[in-house]
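> I am attaching a structure below and will ask some questions about it afterwards.
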Amino acid sequence: MGIAMQADQRTSTTKGDLRQLRLQGKIPGIIYGKQISDPAMVTVDGKELQALLRSHPNAVIEITIPAQGKQSVMVSEVQRDAMSRQVIHVDFRQINMNENVRANVRIHAEGDSAGVREGGILQAILHEIEVECLPGNIPDAIQADISGLGIGESLLVSDLIMPQGVTAHAEPEQVVFTILAPQKELSEEEAEDAAVELEEAESRSKEAQMEDTKSL
Numbered sequence: 001m002g003i004a005m006q007a008d009q010r011t012s013t014t015k016g017d018l019r020q021l022r023l024q025g026k027i028p029g030i031i032y033g034k035q036i037s038d039p040a041m042v043t044v045d046g047k048e049l050q051a052l053l054r055s056h057p058n059a060v061i062e063i064t065i066p067a068q069g070k071q072s073v074m075v076s077e078v079q080r081d082a083m084s085r086q087v088i089h090v091d092f093r094q095i096n097m098n099e100n101v102r103a104n105v106r107i108h109a110e111g112d113s114a115g116v117r118e119g120g121i122l123q124a125i126l127h128e129i130e131v132e133c134l135p136g137n138i139p140d141a142i143q144a145d146i147s148g149l150g151i152g153e154s155l156l157v158s159d160l161i162m163p164q165g166v167t168a169h170a171e172p173e174q175v176v177f178t179i180l181a182p183q184k185e186l187s188e189e190e191a192e193d194a195a196v197e198l199e200e201a202e203s204r205s206k207e208a209q210m211e212d213t214k215s216l
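According to full-length UniProt numbering, the sequence shown is numbered sequentially starting from 1.
See the structure below:
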């Protein structure tokens, strides 16, 4: 079962009208999909949407579309104000619960790293990962076990244990977490080497992401 959300139909499209809707606590949006004959222009409750984006950004939403009934959808795009970062528009995409979808899921470090206990610094290189699975199987987060990492060691995408039915779309050699040596104990030359190592790890991660994107 998805999270229930009510949508109200709207006809307003001018900047002035949309601004008034936001002042009333409503967020304008659009709902589209293969089984929706015409994209529906709607508004949803701003507080309800903000809470959803904070806690379950990839949730399946059971939304009632005026004149078209209840549909299973997911948030496909969120537009925010450049200054305040408040949500100003949202797109919902209708989905089939029996067809795989892709979503970006955050990565959460778990475990007590030996390297950190020795004074090392845990550095996150990859904060989220694209996965593919059925809509109902999208995890809130991918757990990354860092307990086996020592100073100078890294955890790669290939080391992640994905939930059953969930596939990662990322290069296996992408660095997810690395343990840096404690800076206070490094000589100037060692500090420079550590900085270069981190820069190279981040560069490899970005290059792998670009290659993965090109292959889609």
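Cβ atoms here follow ideal geometry from the backbone N, Cα and C, with glycine treated the same way.
Just reading off the alpha helix (DSSP H) that Glu48 is part of, what are its end residues?
On the sequence shown, residue 48 is found 48 positions in, with the first residue counted as 1. First-last of the alpha helix (DSSP H) with Glu48: 46-55.
> Could you tell me the boundaries of the alpha helix (DSSP H) in which Ala114 lies?
Numbered from its first residue, the sequence shown carries residue 114 at position 114. Its alpha helix (DSSP H) spans residues 114-117.
> Answer with buried or exposed for Pro172, where buried requires no fewer than 16 other C-beta atoms within 10 angstroms of its C-beta.
Numbered from its first residue, the sequence shown carries residue 172 at position 172. It counts as exposed.
> When the distance is taken between beta carbons, is Glu132 closer than 9 Å to Asn100?
For the purposes of this step, residue 100 is identified with residue 100 of the sequence shown, where counting begins at 1. For the purposes of this step, residue 132 is identified with residue 132 of the sequence shown, where counting begins at 1. Yes.
> Could you give the DSSP three-state label for Asp81: helix, strand or coil?
To locate residue 81, count along the sequence shown from 1; it is residue 81. It is coil, neither helix nor strand.
> Where does Asp140 sit, in a helix, a strand or coil, going by DSSP?
Counting from 1 along the sequence shown, the entry for residue 140 is found at position 140. Look at Asp140 here: in three-state DSSP terms it is coil, with no helix or strand label.
> Which class does Gly29 belong to by DSSP, given the choice of helix, strand or coil?
As a working mapping, residue 29 is identified with position 29 in the sequence shown. Three-state result, Gly29: strand.
> What is the DSSP secondary structure of Leu21, reduced to helix, strand or coil?
On the sequence shown, residue 21 is found 21 positions in, with the first residue counted as 1. Residue state for Leu21 is assigned as helix, using DSSP reduced to three classes.
> Does the distance from the CB of Ala103 to the CB of Ile138 come in under 9 Å?
Position 103 of the sequence shown, counted from the first residue, corresponds to residue 103. Position 138 of the sequence shown, counted from the first residue, corresponds to residue 138. Their beta carbons are under 9 Å apart, which means Ala103 touches Ile138 by this criterion.
> List the endpoints of the continuous beta strand (DSSP E) containing Ser147.
The residue given as residue 147 occupies position 147 in the sequence shown. Segment: none, Ser147 is in no beta strand (DSSP E) and carries neither H nor E.
> Under a Cβ-count criterion, where at least 16 other Cβ atoms within 10 Å of its own Cβ denotes burial, should Met97 be classed as buried or exposed?
By 1-based counting over the sequence shown, the position of residue 97 is 97. By the 10 Å Cβ count, Met97 comes out exposed.
> Can you grab the Cα-Cα spacing for the pair Thr11 / Asp159, in whole Å?
Along the sequence shown, read from residue 1 onward, the residue named residue 11 stands at position 11. Along the sequence shown, read from residue 1 onward, the residue named residue 159 stands at position 159. Each residue's alpha carbon lies about 50 Å from the other.
> Looking at the unbroken beta strand (DSSP E) that takes in Arg106, where does it start and where does it end?
Numbered from its first residue, the sequence shown carries residue 106 at position 106. It spans 101-110 - the beta strand (DSSP E) in which Arg106 sits, taken as one unbroken run.
> Among Asn58, Ile179, Thr178, which one has its Cα closest to the Cα of Arg106?
If you number the sequence shown from 1, residue 106 lands on position 106. Ranking Asn58, Ile179, Thr178 by Cα distance to Arg106 puts Asn58 first.
> Indicate whether Gly136 and Val60 have their beta-carbon atoms separated by less than 9 Å.
Here the question's residue 136 lines up with position 136 in the sequence shown. Here the question's residue 60 lines up with position 60 in the sequence shown. Contact: yes.
> In angstroms with no decimal places, state the Cα-to-Cα distance between His89 and Ala67.
Position 89 of the sequence shown holds residue 89. Position 67 of the sequence shown holds residue 67. Here the alpha carbons of Ala67 and His89 stand approximately 21 Å from one another.
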